[in-house]
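A.B. asks:
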Amino acid sequence: MQFNADSDFVFNPEESIKLEGKTGPYILYAYARIQSIFRKLDTNQTPTMPADIQLSATEKSLMKLLIQYQDITTAASDKYDPAILTKYLYEVAKTFNGFYRDNKIMNISRDTPAGVSLQQQRIYIADKTATVLKNGLALLGIDVLDTM
54 MQFNADSDFV FNPEESIKLE GKTGPYILYA YARIQSIFRK LDTNQTPTMP ADIQLSATEK
114 SLMKLLIQYQ DITTAASDKY DPAILTKYLY EVAKTFNGFY RDNKIMNISR DTPAGVSLQQ
174 QRIYIADKTA TVLKNGLALL GIDVLDTM
């Protein structure tokens, strides 16, 4: 994930399968983590973004990245450079991990409309992140895993 077509490198199998750093498994793990959240929430509803949203700093960072997906895939395609997409997917995974660390998704009190709205907002963001990761990895010929 940290090389491009113009750089030379020596393949190290042990480095390539680590769950941390700029590796495919790191990105796959972020996707699997989102699927785990959804299984624990046990919801089959299509996530929606509430109208009364107020995003935290990490939510804003993640949403800004997610809306760049089309531009990134176009740039990677136009330049025949999959490294553009791999670097982007790594940033999405890393930013999602920060979002998940800083923002509760599952243990939000749903006793008030604000609590329900906040959980819906975060589920929506997690769902859109999963979609971007899955679609981006598919463009690279990589199947996602629901569990790791």
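Just so we're on the same page, the numbering used here is the position in the sequence shown counted from 1, plus 53.
Where a beta carbon is used, it is the ideal one built from N, C-alpha and C, also for glycine.
Could you spell out where the alpha helix (DSSP H) holding I125 opens and where it closes?
C.D. replies: I125 -> alpha helix (DSSP H) spans 122-131.
A.B. asks: Cutting at 7 angstroms between CB atoms, please list the residues of its own chain near V169, excluding the five before and the five after it.
C.D. replies: Same-chain partners within the cutoff: R163.
A.B. asks: Contact between the stretch 150-164 and the stretch 183-192 is defined here as three or more beta-carbon pairs at a separation below 8 angstroms; is this criterion met?
C.D. replies: No: the two stretches stay apart, fewer than three of their Cβ pairs being nearer than 8 angstroms.
A.B. asks: If you draw a straight line from the C-alpha of D95 to the C-alpha of R175, how long is it?
C.D. replies: So the alpha carbons of these two residues sit roughly 15 angstroms apart.
A.B. asks: To the nearest angstrom, how far is the alpha carbon of I80 from that of A179?
C.D. replies: If I take the Cα positions, the gap works out to 14 angstroms.
A.B. asks: Taking buried to mean at least 16 other C-beta atoms within 10 Å of its own C-beta, is A110 buried or exposed?
C.D. replies: By the 10 Å Cβ count, A110 comes out exposed.
A.B. asks: Give the single residue among M102, Y143, E112, Q88 whose Cα lies nearest to the Cα of I125.
C.D. replies: Nearest option by C-alpha distance: Y143.
A.B. asks: From which residue to which residue does the alpha helix (DSSP H) around S89 run?
C.D. replies: Looking at the DSSP string, the run of the alpha helix (DSSP H) that includes S89 is 77-94.
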